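Quick note on the numbering used here: the sequence shown kicks off at 8 and runs consecutively. Beta carbons are placed, not taken as given, at the ideal position from N, Cα and C, and that holds for glycine. Only a predicted model underlies this, so the values are computations on that prediction, with no experimental measurement involved. Here the structure is laid out as structure tokens; the discussion comes afterwards.
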Amino acid sequence: MLIRTIAACALVLAMPAAADQDAKPAIAAAIDSQIEAFLADDLDAAFGYASQSIREIFGSPERFGEMVREGYPMVWRPAEWQFLELRDINGNLYQKVLITDHAGRLHILEYAMRPTDQGWRIRGVQILRPPEAGA
8 MLIRTIAACA LVLAMPAAAD QDAKPAIAAA IDSQIEAFLA DDLDAAFGYA SQSIREIFGS
68 PERFGEMVRE GYPMVWRPAE WQFLELRDIN GNLYQKVLIT DHAGRLHILE YAMRPTDQGW
128 RIRGVQILRP PEAGA
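Take a look at the structure:
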């Protein structure tokens, strides 16, 4: 009986991690699509990957694009990007992304993600400390 209880607890604890990994491709696709939209100067498409709350704050694709251009230039025009770990914090998913800008500088950003009926949407982006040199 004790072994079954322990096995059941282990299964329950493992479930969120499995769900996170199931979401990872769709989350990466949403972030990829938004970055590609910025690169193509398609502000309407980029704005569409923002959560409803972000769209309400900025009101228009143009205002949203201006904020990204000025506040997140590495996202506006990255040289390359790659996905790092996906974290679950109290049921909220956060995707870390390593971005290299055109000057070769590395930036780590953390995207807060929200599931919607239309797919995953970005509800915020935080710039984290840059990686150590030589790391």
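Under 7 Å Cβ to Cβ from residue i, same chain only, skipping five residues before and after it: list those, please.
i: Leu-135; result: Ile-115, Leu-116, Glu-117
i: Phe-45; result: Ala-53, Val-75, Val-82, Trp-83
i: Gly-126; result: Ala-33, Ala-37
What is the DSSP secondary structure of residue i, counted as helix, strand or coil?
i: Gly-72; result: helix
i: Asp-95; result: strand
i: Thr-62; result: A small correction: the amino acid at residue 62 is Arg; Thr does not occupy that position in the sequence shown. Arg-62 falls in the helix class under three-state DSSP.
i: Leu-135; result: coil
i: Pro-122; result: strand
i: Ala-110; result: coil
i: Ala-57; result: strand
Please classify residue i as buried or exposed, where buried requires at least 16 neighbouring CB atoms within 10 angstroms.
i: Gly-72; result: buried
To which residues of the same chain is residue i closer than 6 Å at the C-beta, ignoring the five residues directly before and after it?
i: Val-19; result: In this prediction, Val-19 has a pLDDT of 44, which is less than 50 and means its spatial position is unreliable; nothing more can be read from the coordinates.
My understanding is that residue i touches residue j, with C-beta atoms under 8 Å, so please give their C-beta distance in whole angstroms.
i: Pro-68; j: Asp-95; result: That pair is no contact at about 30 Å.
i: Ile-129; j: Pro-85; result: In fact, because the Cβ distance is near 15 Å, the residues do not count as touching under 8 Å.
i: Pro-137; j: Leu-100; result: With 8 Å as the limit, Pro-137 and Leu-100 do not qualify as a contact, their Cβ atoms being about 23 Å apart.
In chain order, what residues of the same chain lie with their CB nearer than 8 Å to the CB of residue i, ignoring the 5 residues before and after it?
i: Tyr-79; result: Leu-116, Val-132, Ile-134
Cβ contact (3+ pairs, closer than 8 Å) linking the region 30 to 42 and the region 88 to 105: yes
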